[in-house]
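What follows is one structure encoded as structure tokens, with my remarks underneath.
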Amino acid sequence: AKEAGKNRYLPYQESMQHEIERKYMLENELRHALDRNELQLHYQPQFETATGSIRGFEALVRWIHPVMGAISPAEFIPIAEDSGLIVPIGRWVLREACLKNKQIQALYFPKSVMSVNISAVQLLSGGFTEMVAGVLHETGLSPASLEIELTESMPITSFDSAIPLLETLSGWGIKLSLDDFGTGYSSLSYLKRLPFHTLKIDKMFIQDIAKETGGSAITEALITLVHQLGMAVIAEGIENDEQLRCLKKWNCDCVQGYLLGRPVPFAEVPGLFQVKA
Ligand code: C2E
Ligand code: CA
Ligand code: CA
Ligand code: CA
Numbered sequence: 206a207k208e209a210g211k212n213r214y215l216p217y218q219e220s221m222q223h224e225i226e227r228k229y230m231l232e233n234e235l236r237h238a239l240d241r242n243e244l245q246l247h248y249q250p251q252f253e254t255a256t257g258s259i260r261g262f263e264a265l266v267r268w269i270h271p272v273m274g275a276i277s278p279a280e281f282i283p284i285a286e287d288s289g290l291i292v293p294i295g296r297w298v299l300r301e302a303c304l305k306n307k308q309i310q311a312l313y314f315p316k317s318v319m320s321v322n323i324s325a326v327q328l329l330s331g332g333f334t335e336m337v338a339g340v341l342h343e344t345g346l347s348p349a350s351l352e353i354e355l356t357e358s359m360p361i362t363s364f365d366s367a368i369p370l371l372e373t374l375s376g377w378g379i380k381l382s383l384d385d386f387g388t389g390y391s392s393l394s395y396l397k398r399l400p401f402h403t404l405k406i407d408k409m410f411i412q413d414i415a416k417e418t419g420g421s422a423i424t425e426a427l428i429t430l431v432h433q434l435g436m437a438v439i440a441e442g443i444e445n446d447e448q449l450r451c452l453k454k455w456n457c458d459c460v461q462g463y464l465l466g467r468p469v470p471f472a473e474v475p476g477l478f479q480v481k482a
């Protein structure tokens, strides 16, 4: 329906109004997404750089709305965080990812590690560690086969309050990975005090590789530093051979990206383990 007073808005106010309306509408739809089975996980393979063999997968959530179609997690995860819906959605994601990893281990690859993205809001909502323990118990997945990815762009105050939780999870043998490394606020000396096992270098740095901007030197130095701090490095967003060649040369531990494998629905995971002729 057209609103009579629409012309009152200046263009930028109008687009802001649309944005607010879309957000409100998405939040309302997201409330039902779980019940209506509109959420799915896609799985992107991660590889050992040295051998080229699969290390495991990153679970990435997808929302397929019956009318609007696919809505990007970059759009709906922030809405889920603001509304608190991230708690039930995040629990579903974790449970589904652990269940599927259990199947991957039983059928194809016993050592598969499943990486799951966890929002700061979800981590700091009450009962997070108990929820994780419950999911591991229920699915029978070993803690060492689960990796939790936290983004470096979460506020440093959140990191401070998260330390005891991270220590608990790490104590159980769960792997902790710092996502989007290089985009956030943490200094290396701060990172050293956090119990992360792995750092994921943001794709921004990978895109700079082999450009004439000195980006390669920064990425190489980052990998060396992270190794000196006793952590492993995963590089994400690898799209071409030149990037892969450099990361091999610099002893980057693991690699992930469209060049090696896109995120795929679970039905396509078995194909990744079939020997290619
Ligand atoms: P992220 O955790 O940094 O995930 C990597 C994103 O890069 C994914 O986008 C992935 O599909 C994409 N990607 C993978 N390889 C390449 C590549 O070679 N080139 C490029 N350009 N991109 C690549 P996606 O799936 O759209 O997810 C966007 C973000 O949404 C994620 O960024 C993560 O922050 C968030 N997200 C996704 N799933 C979940 C979830 O289950 N829970 C939470 N809390 N956040 C999630
Ligand atoms: Ca991630
Ligand atoms: Ca990332
Ligand atoms: Ca991200």
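So the number in the UniProt record's numbering is just where the residue sits in the sequence shown, counting from 1, plus 205. The beta carbon of each residue, even a glycine, is placed where N, CA and C say it ideally should be. This structure is a prediction, so every number in the text was calculated from the model and none was measured.
{"Asked": "What's the C-alpha gap between G378 and K316?", "Found": "14 Å"}
{"Asked": "Could you please give the first and the last residue of the uninterrupted alpha helix (DSSP H) stretch that includes T373?", "Found": "I361 to G376"}
{"Asked": "Can you give the Cα-Cα distance for L351 and N322, rounded to whole angstroms?", "Found": "11 Å"}
{"Asked": "With DSSP collapsed to three states, give me the class of K380.", "Found": "strand"}
{"Asked": "Taking C303 as the reference, give the member of I284, I291 and L265 with the closest Cα.", "Found": "L265"}
{"Asked": "Which word fits A255, buried or exposed, when buried means at least 16 other C-beta atoms lie within 10 angstroms of its C-beta?", "Found": "exposed"}
{"Asked": "Three-state secondary structure (DSSP) at A349?", "Found": "helix"}
{"Asked": "Might you give, ordered along the chain, the residues of its own chain that have their beta carbon closer than 6 Å to the beta carbon of I291, omitting 5 neighbours on each side?", "Found": "A285, S324, V326 and Q327"}
{"Asked": "For a test of the three-state rule: what should DSSP assign to I406, helix, strand or coil?", "Found": "strand"}
{"Asked": "Should T356 and D385 be called a contact, given that it needs their Cβ atoms to be closer than 9 Å?", "Found": "yes"}
{"Asked": "For F478 and Y313, what's the separation of their Cα atoms in angstroms?", "Found": "7 Å"}
{"Asked": "Would you say the beta carbon of D407 is closer than 8 Å to some non-hydrogen atom of ligand 3?", "Found": "yes"}
{"Asked": "Taking Cβ to Cβ, would you say F281 is nearer than 9 Å to L239?", "Found": "no"}
{"Asked": "With DSSP as the reference, please indicate the residues paired to S320 in a beta bridge.", "Found": "E263 and E352"}
{"Asked": "Just to confirm, are F410 and G389 a CB contact at a threshold of 9 Å?", "Found": "no"}
{"Asked": "Nearer than 8 Å: is that true of the beta carbon of T403 relative to any heavy atom of ligand 2?", "Found": "no"}
{"Asked": "Does the structure place the stretch 415-429 close enough to the stretch 394-401 that three or more beta carbon pairs sit under 8 Å?", "Found": "no"}
{"Asked": "Buried or exposed: L332, going by 16 or more other Cβ atoms within 10 Å of its Cβ?", "Found": "With the sequence shown as reference, residue 332 is identified as Gly, and Leu is not the correct amino acid for it. That one is exposed."}
{"Asked": "Is E441 near ligand 3, with its Cβ less than 8 Å from a heavy atom?", "Found": "yes"}
{"Asked": "Going along the chain, which unbroken runs of the beta strand (DSSP E) with 3 or more residues stay wholly within the stretch 274-346?", "Found": "274-276 and 318-322"}
{"Asked": "Within the continuous alpha helix (DSSP H) that includes P216, where are the two ends?", "Found": "P216 to A238"}
{"Asked": "Please identify the residue among E253, S375, Y463 and Q245 whose C-alpha is closest to the C-alpha of H270.", "Found": "Q245"}
{"Asked": "Counting pairs of beta carbons, one from the stretch 441-450 and one from the stretch 217-229, are three or more of them closer than 8 Å?", "Found": "no"}
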